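Protein chains in written order, with the working numbering: chain A, 1 to 487; chain B, 488 to 589. From the three backbone atoms N, C-alpha and C, an ideal C-beta is built for every residue, glycine too. Please read these numbers as outputs of a predicted model, since none were measured by experiment.
Set out below in structure tokens:
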């Protein structure tokens with residue numbers, strides 16, 4: 001097996017036994033990036049010098065046996081919506097094309113302290129607004145399974161990089177499916193943690209009450225290892241959770257027999273592609289064979305989730321993106337003679353179409369006369385969405401749903417119709433207004449393209465998601481499939 | 488919001504763009520108009536939900552005020568702050584004139 005396609009667990013074992021060095025591992029991945037990223041477009045920035053230096057330091061730690069963690073010496077990439085000190089962070093936008101953050105995101109800092117090796121920054125939809133990574137202001141990312149198709153979004157570069165062997169894991173961001181959709185489209189594992197479980201400090205804000213940072217990995221076990229390092233309270237994020245972080249790896253092996261798996265009937269409706277439905281049904285049978293009890297449950301307000309999600313997102317995003325005014329950062333309009341000219345030109349030229357649409361809709365739905373009917377109404381229905389999950393979890397432990405009604409779509413297929421693009425996330429958006437954690441993992445293929453399933457648990461129960469997902473991966477092979485690329 | 492059909496016209500699109508300080512070309516405004524209307528019309532779906540006695544979810548479950556001791560500590564240096572400012576003069580951020588001379 002090629003070094004670049006190992007799991008974190010496998011690579012760690014080889015590093016620990018000193019059969020390979022972090023420098024060899026890092027060089028193998030950098031070589032892989034040179035080999036395939038011209039086709040994929042997963043990276044906006046590759047930090048080769050930083051990576052090689054950090055790999056040497058990791059090897060020193062491994063040699064001395066000091067402060068060795070499961071991530072020491074393991075190369076990773078970061079979605080470019082998460083700031084990296086001294087390393088350009090564009091958020092996929094022209095307006096931040098030259099932005100070099102003077103501070104480090106907490107999640108990145110914790111990974112570097114654990115000894116992980118930073119390879120670079122991953123492509124994304126501009127300001128994480130999109131479901132295909134086609135909204136990147138620089139170039140689209142392509143799906144490693146079929147270069148004519150999208151990798152999903154908005155963390156598309158991260159999912160494609162993990163799938164193509166261009167990093168061992170990635171940090172993504174999930175506001176309404178942005179980790180889980182690309183994970184499913186690229187056949188990798190993606191976790192959206194409970195709101196507040198991972199500090200948002202350094203995540204460029206999209207919708208502050210939905211935003212989360214989470215891992216994209218090749219196995220559920222690897223996702224548990226990464227969350228272990230990045231989770232926990234942070235003085236820089238007042239919304240980060242105070243609850244202690246459990247030992248996720250210690251709970252992975254627990255049997256799932258007797259656990260109740262809920263199937264929300266509103267998620268198993270006509271409109272799903274036949275191949276996706278077949279893969280889901282087979283996964284359900286697999287859980288049954290593992291001894292789980294299958295229950296049909298209802299999340300009655302599911303049909304309203306997409307509207308609630310987008311209404312609140314537009315409102316929060318329009319406020320968050322007001323800071324990009326060309327004064328403190330961002331490309332300034334050099335010829336502007338007045339302040340309004342400066343703003344209009346900076347923002348008019350710096351933002352792409354989807355960002356503009358969302359800022360405008362947010363301002364409109366918050367404006368006098370429309371606030372009650374749009375924004376306030378959405379916040380009320382959000383309460384009902386949350387109550388749906390609370391009631392469902394009275395009768396089951398984990399929910400199983402599809403990730404998306406279909407497999408990865410073709411580039412350009414949905415760019416002309418924003419609403420059609422939004423509908424790609426129909427199964428993913430309810431979890432963010434509710435704040436609950438959700439795990440996407442591979443569960444089959446339809447016409448040669450990956451299919452993903454989603455597991456959802458109560459607030460703070462990531463360990464249960466890992467336990468169920470890991471049990472599934474012990475008896476299935478889908479997550480071991482790799483795209484044929486390069487050689 | 489009884490009339491949710493085509494909430495926006497081309498003038499309102501330009502008006503909103505100005506309110507949020509977005510320079511918009513006529514071509515962009517024309518392309519956005521049907522897209523924005525389609526999205527707003529989709530939102531009308533929520534009106535069928537009875538929310539008479541449902542409170543809005545402004546606060547997350549378990550949300551509490553978070554306070555810390557007000558101890559001074561070093562913040563970002565002026566140099567670091569200015570490193571991303573597009574236009575500066577010496578230690579200052581440079582912007583177009585805001586006040587007119589009387």
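Quiz item: Out of A:370, A:219, A:354 and A:384, which has the shortest C-alpha to C-alpha gap to residue 163 of chain A?
Solution: Nearest of A:370, A:219, A:354 and A:384 to residue 163 of chain A, Cα basis: A:219.
Self-check item: C-alpha distance - residue 326 of chain A paired with residue 346 of chain A, whole-angstrom precision
Solution: 6 Å
Self-check item: Within chain A, partners of residue 570 of chain B - CB distance below 7 Å
Solution: Within chain A, the residues near residue 570 of chain B are 100 and 102.
Quiz item: On the premise that residue 526 of chain B lies in contact with residue 418 of chain A, defined as a C-beta separation below 8 Å, what is that separation, rounded to the nearest angstrom?
Solution: 7 Å
Quiz item: Skipping 5 residues on each side, what residues in its chain have a beta carbon closer than 7 Å to that of residue 4 of chain A?
Solution: 28, 29, 32 and 165
Quiz item: Using a C-beta cutoff of 9 Å, does residue 498 of chain B count as contacting chain A?
Solution: no
Quiz item: Whose Cβ in chain A lies nearer than 8 Å to the Cβ of residue 555 of chain B?
Solution: 235
Self-check item: Same chain, Cβ closer than 7 Å to residue 476 of chain A, neighbours up to 5 away in sequence not counted
Solution: Closer than 7 Å at the Cβ level, and outside the excluded window around residue 476 of chain A, lie 286.
Quiz item: Between residue 196 of chain A and residue 225 of chain A, is the Cβ-Cβ spacing less than 9 Å?
Solution: no
Quiz item: Counting only beta-carbon atoms, is residue 351 of chain A nearer than 9 Å to chain B?
Solution: It does; some Cβ of chain B falls within 9 Å.
Quiz item: Apart from the five residues just before and just after residue 283 of chain A, which ones in its own chain have a Cβ nearer than 6 Å to its Cβ?
Solution: 443 and 453
Quiz prompt | Residues of its chain near residue 483 of chain A, where Cβ-Cβ distance is below 7 Å and the 5 sequence neighbours each way are ignored | solution = 144, 145, 163 and 164
Quiz item: From residue 570 of chain B to residue 14 of chain A, what distance separates their C-alpha atoms?
Solution: Cα to Cα, residue 570 of chain B sits roughly 42 Å from residue 14 of chain A.
Exercise. In angstroms with no decimal places, state the Cα-to-Cα distance between residue 173 of chain A and residue 156 of chain A.
Key: 10 Å
Exercise. For the segment 324 to 336 of chain A, enumerate the residues whose C-beta is nearer than 8 Å to any C-beta of chain B, in chain order.
Key: Answer in chain order: 325, 326, 327, 328, 329, 330, 331, 332, 334 and 336.
Exercise. Return yes when the Cβ of residue 403 of chain A is within less than 9 Å of the Cβ of residue 457 of chain A, no when it is not.
Key: no
Self-check item: Continuous beta strand (DSSP E) stretch holding residue 494 of chain A: start and end
Solution: The question about residue 494 of chain A has no answer here: the residues shown for chain A are numbered 1 through 487.
Quiz item: From A:415, A:408, A:11 and A:319, pick the residue whose C-alpha is nearest to that of residue 180 of chain A; which is it?
Solution: A:408
Quiz prompt | CB contact below 9 Å: residue 425 of chain A versus chain B | solution = no
Practice problem: Could you list which residues in chain A have their beta carbon closer than 9 Å to that of residue 542 of chain B, in chain order? | Solution: 379, 380 and 383
Quiz item: For residue 191 of chain A, which residues of its own chain have a beta-carbon under 6 Å away from its beta-carbon, when the five flanking residues on both sides are left out?
Solution: 214, 215, 223 and 439
Exercise. Find the residues of chain B that neighbour residue 418 of chain A, judging by a C-beta separation of less than 7 Å, and give them in chain order.
Key: 522 and 526
Self-check item: Helix, strand or coil at residue 475 of chain A according to DSSP, with G and I counted as helix
Solution: coil
Quiz item: How would you write the range of the beta strand (DSSP E) that residue 281 of chain A sits in, first residue to last?
Solution: It is not in any beta strand (DSSP E) - residue 281 of chain A instead sits in the alpha helix (DSSP H) that spans 274 to 289.
Quiz item: Using a Cβ-Cβ cut-off of 8 Å (strictly less than) and excluding sequence neighbours within five positions of residue 82 of chain A, which residues of its own chain qualify?
Solution: 89, 105, 107, 108, 171, 173, 202, 203, 204 and 213
Quiz prompt | Continuous beta strand (DSSP E) stretch holding residue 45 of chain A: start and end | solution = 43 to 46
Quiz item: In whole angstroms, what is the alpha-carbon distance linking residue 468 of chain A and residue 245 of chain A?
Solution: 19 Å
Quiz item: Is the shortest distance between the beta-carbon of residue 488 of chain B and the beta-carbons of chain A less than 9 Å?
Solution: Low local confidence applies: a pLDDT of 41 at residue 488 of chain B is under 50, so the model's placement there is unreliable, and no value is given.
Quiz prompt | Closer than 9 Å to chain A by CB, residue 505 of chain B | solution = yes
Quiz item: If you measure beta-carbon to beta-carbon, which residues of the segment 85 to 100 of chain A are closer than 7 Å to chain B?
Solution: 99 and 100
Quiz prompt | Under 7 Å from the C-beta of residue 311 of chain A: neighbouring residues of chain B | solution = 530
Quiz item: Hey, how far is the Cα of residue 503 of chain B from the Cα of residue 369 of chain A?
Solution: 14 Å
Exercise. Could you tell me how far apart the beta carbons of residue 429 of chain A and residue 309 of chain A are, in whole angstroms, since I believe they sit closer than 8 Å?
Key: The pair is a contact, with the Cβ atoms about 4 Å apart (cut-off 8 Å).
Quiz item: For residue 578 of chain B, is the classification buried or exposed, using 16 other Cβ atoms within 10 angstroms of its Cβ as the cut-off for buried?
Solution: exposed
Quiz item: So residue 267 of chain A packs on residue 401 of chain A, CB below 8 Å; how close in whole Å?
Solution: 4 Å between Cβ atoms; contact.
Quiz item: Residues in its own chain within less than 7 Å of residue 147 of chain A by CB, not counting five upstream and five downstream?
Solution: 39, listed in sequence order.
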